[in-house]
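Note that this note's numbering has the sequence shown beginning at 2, numbered continuously upward. See structure below.
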Amino acid sequence: MTSVRINDLSRLATAAGRLGLVEESGVLGGPGLLVVEPLSWDIDLEAAAAYVRDIPAVTLLAAAAWPDKAQALVDAFDLVTLDRAEIGAVERAVGLAPLGAYALVTLTRRSAGMSAADGIWAESAVFSALMGSRRYQEWLATKPASKERTEPAEAVLVEEAEGVLRLTLNRPAARNAVDLRLRDCLVAALETAELRPEVGIELRGAGVCFSAGGDLTEFGDADDPATAHAVRGTRHPALALARVADRVTAYAHGPSVGAGVELLAFARHVVAAPGATFRLPEVAMGLVPGAGGTWSVVQRMGRQRANWFMLTGATIDADTAHAWGLVDALA
């Protein structure tokens, strides 16, 4: 069973109706996905909304229209779509990694009301917990092998001209994958920029793309999840970027993946080149986005659209990213 489907909204609005629904649909005893196709909206909508916000499953409202009085309930769902292909994509995503999918929506249900720092910290804690999940361990068994590369002398190029500090991710042979060295160099450059409030900041990537995300060959190298969480709190590019975000213009070209999307989304202004694409694949790995994306992408796209983007791992083009608010301008 890929999802539990109900038509009777009263099951969400009353204690009697909710009886057994957690066991049927929840991430532990059921498929982890509840799809609701309402036949009537004549219920206690406030009570239903409160319940939907806390149900331990991904919640999807299959509807195209609803009365104005139901808007708060509609907003409480993790996703809203009547498109069968989109629903199918969500079912496949949750079926592959139910714990990661549920962890994602628990974060996004709360991240809109958090500061960037609080959102990043919450994400890091959840990411660390998921490092012990069965799905992530399965993915680790198939991760790419490390390759011998000649690394550039500078992992991040720092240039200044006319009051603008240009930071360029500089691992073009690795598609600017964020390894430990690049991470530390980027954090150091952003911390230096924080001390100079008079300069603007540009964020770019060398080579064929802005960034292909975290360096997959380093996944699983942390000594333990608790230490990994502490390291992120000490050297997290998203935290450093969030502190100067109001001065940052970021430029996306080629395929931006994972952290390459999440970091871009913090910038005050994002410009996408023709042919740029964007994808967040972490849920299929048994994780959640781990470079601040459960906060930054939600701020830009809105929670329900961001949930679909992050859950399904779909690739979107520059025009779609612009329409959805992930980027601000097309080059």
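The beta carbon of each residue, even a glycine, is placed where N, CA and C say it ideally should be.
Check the DSSP bridge columns for residue i and list the partner residues they point to.
{"i": "G201", "result": "V165"}
{"i": "E160", "result": "R167"}
{"i": "F279", "result": "S257, I317"}
{"i": "A251", "result": "L204, V271"}
{"i": "T60", "result": "L35"}
Does residue i pass the burial test, meaning 16 or more other C-beta atoms within 10 Å, or should it be called exposed?
{"i": "T60", "result": "buried"}
{"i": "P290", "result": "buried"}
{"i": "N171", "result": "buried"}
{"i": "P256", "result": "buried"}
{"i": "L166", "result": "buried"}
{"i": "M2", "result": "exposed"}
Can you give me the C-alpha to C-alpha distance between residue i and residue j, rounded to a whole angstrom?
{"i": "H237", "j": "L191", "result": "11 Å"}
{"i": "A285", "j": "A66", "result": "31 Å"}
{"i": "G30", "j": "T228", "result": "31 Å"}
{"i": "T316", "j": "V249", "result": "25 Å"}
{"i": "G114", "j": "K148", "result": "42 Å"}
{"i": "K70", "j": "T193", "result": "50 Å"}
{"i": "E87", "j": "P173", "result": "34 Å"}
{"i": "E25", "j": "A17", "result": "14 Å"}
{"i": "V188", "j": "G261", "result": "15 Å"}
{"i": "S41", "j": "L327", "result": "35 Å"}
{"i": "D76", "j": "T218", "result": "39 Å"}
{"i": "A322", "j": "A49", "result": "32 Å"}
{"i": "V159", "j": "I121", "result": "25 Å"}
{"i": "A63", "j": "A213", "result": "33 Å"}
Is residue j closer than 8 Å to residue i when the C-beta atoms are compared?
{"i": "P57", "j": "G96", "result": "no"}
{"i": "G294", "j": "E263", "result": "yes"}
{"i": "R280", "j": "V245", "result": "no"}
{"i": "G164", "j": "G208", "result": "no"}
{"i": "A277", "j": "H254", "result": "yes"}
So, helix, strand or coil for residue i, using DSSP?
{"i": "R172", "result": "coil"}
{"i": "A142", "result": "coil"}
{"i": "R150", "result": "coil"}
{"i": "L40", "result": "coil"}
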